[in-house]
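In this note's numbering, the protein residues as written are 130 to 185.
Note that CB positions come from ideal geometry on N, CA and C, so glycine has one too.
The structure presented is a predicted model; accordingly, all values stated were derived computationally and were not measured.
Here is the structure we will look at, set down as structure tokens.
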Amino acid sequence: MLGWSITFLLVAIIAAVLGFGGIAGAATGIAKILFYIFVALLVLSMIGSFLRKSGR
């Protein structure tokens, strides 16, 4: 589960660099949306990981 959290974090950082850095140009809006989606998935994945570990 923590592996997924790291994956979502890396994808969110890449989306942020492309979206906020001006590299993507026309795709900036899509990159910003993806950034927030993957940040939300990161948070949910981390919460799920902590809940599973504390439930044992």
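Secondary structure of Gly184 (DSSP, three-state): coil. With a cutoff of 8 angstroms on beta-carbon distance, Leu163 and Ala144 are scored as near each other. When C-alpha distances from Phe167 are compared across Leu139, Gly132, Leu131, the shortest belongs to Leu139. C-alpha of Ser183 to C-alpha of Gly177: approximately 10 angstroms in a straight line.
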